[in-house]
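Each residue of the sequence shown is one higher than the last, beginning at 1 in the UniProt record's numbering. Glycine included, every Cβ here is placed at the ideal spot set by N, Cα and C. First the structure, in the form of structure tokens, and then the observations on it.
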Amino acid sequence: MRVQRRRRPERLVMIILLVVLAVIVAIYGTLWVAQRPMHTAQKTAYSVAVNKGKLKTTTAFSQYNGTQSYYVVTGTNQKNVPVYAVINTKKSHQTTVVKQSAGLTRTQALRKVWSKRNPSKVIKATIGKYNGQVVWEVTYLNAKKALCYEVLQYSNGNQLKSIINI
Numbered sequence: 001m002r003v004q005r006r007r008r009p010e011r012l013v014m015i016i017l018l019v020v021l022a023v024i025v026a027i028y029g030t031l032w033v034a035q036r037p038m039h040t041a042q043k044t045a046y047s048v049a050v051n052k053g054k055l056k057t058t059t060a061f062s063q064y065n066g067t068q069s070y071y072v073v074t075g076t077n078q079k080n081v082p083v084y085a086v087i088n089t090k091k092s093h094q095t096t097v098v099k100q101s102a103g104l105t106r107t108q109a110l111r112k113v114w115s116k117r118n119p120s121k122v123i124k125a126t127i128g129k130y131n132g133q134v135v136w137e138v139t140y141l142n143a144k145k146a147l148c149y150e151v152l153q154y155s156n157g158n159q160l161k162s163i164i165n166i
């Protein structure tokens, strides 16, 4: 006579749970490793903005990649005036600090692009430096879904560069 063994559903459930847990840990670990360079850049930018740019508070971080890469930190200076610190990532963190009131706002830069180009979708608008000048770079998709760039002078909104239909 043959003895029948009962299947243990608890064991199957435990194996499934362990596999799901392993997948979740692997996904989380991959995302954490992928985000580490950006977190390191952000920490560096905040530190440089406070030390070299003399910012009292820091509120936002972005990155600009033109002919050179720059970190951009939004914050306030010692007199509580809202400013942008534009930090060169290559040249021992050379820092340019500009008052937010000294140039176009993000909204004004976007309006200039919207009125001239009528993009279907704005991807990004960020501060940076182009030919030694502080600029707004607006990246967008046009009606044909082609990638386009507009580089506007921060101080007056003049167009410095336009790349259409990449």
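Could you please give me the residues that DSSP links to residue 136 through a beta bridge? When DSSP reads this structure, residue 136 sits in a beta bridge with 127, 152.
Could you tell me the alpha carbon to alpha carbon distance between residue 118 and residue 108, rounded to whole angstroms? Rounded to the nearest angstrom, the gap between the Cα atoms of residue 118 and residue 108 is 14 Å.
List the whole-angstrom C-beta distance separating residue 129 from residue 86, where the pair is believed to meet the contact cut-off of C-beta under 8 Å. Right, the Cβ-Cβ distance comes to about 6 Å (below 8 Å), so this counts as a contact.
Around the C-beta of residue 10, are 16 or more other C-beta atoms found within 10 angstroms, so that it is buried, or is it exposed? Looking at its Cβ environment, which holds fewer than 16 other Cβ atoms inside 10 Å, residue 10 is exposed.
Based on the DSSP output, what are the partners of residue 77 in its beta bridges? DSSP lists 55 as partners of residue 77.
Just checking my contact of residue 135 with residue 110 at CB under 8 Å: how many whole Å lie between their CB atoms? Not a contact, Cβ separation roughly 14 Å.
Rounded straight-line distance, which links the Cα of residue 17 to that of residue 74: Counting only the Cα atoms, residue 17 lies some 45 Å from residue 74.
Identify the residues that DSSP records as bridge partners of residue 64: which are they? Assignment of beta-bridge partners to residue 64 by DSSP yields 70.
What is the rounded straight-line gap between the Cα of residue 8 and the Cα of residue 33? Roughly 38 Å between the two C-alpha positions.
Does the distance from the CB of residue 102 to the CB of residue 71 come in under 8 Å? Cβ distance not < 8 Å, so residue 102 and residue 71 don't count as in contact.
Could you tell me if residue 24 is buried or exposed, where buried requires 16 or more neighbouring beta carbons within 10 angstroms of its beta carbon? Around the CB of residue 24, fewer than 16 other CB atoms lie within 10 Å, so the residue is classed as exposed.
Spatial distance of residue 133 from residue 153 (CA atoms): Straight through space, the alpha carbons of residue 153 and residue 133 are spaced by roughly 7 Å.
Residue environment, residue 140, which counts as buried when at least 16 other CB atoms sit within 10 Å: Residue 140 comes out buried.
Is the Cβ-Cβ distance between residue 49 and residue 58 less than 8 Å? Result yes, Cβ atoms of residue 49 and residue 58 sit closer than 8 Å.
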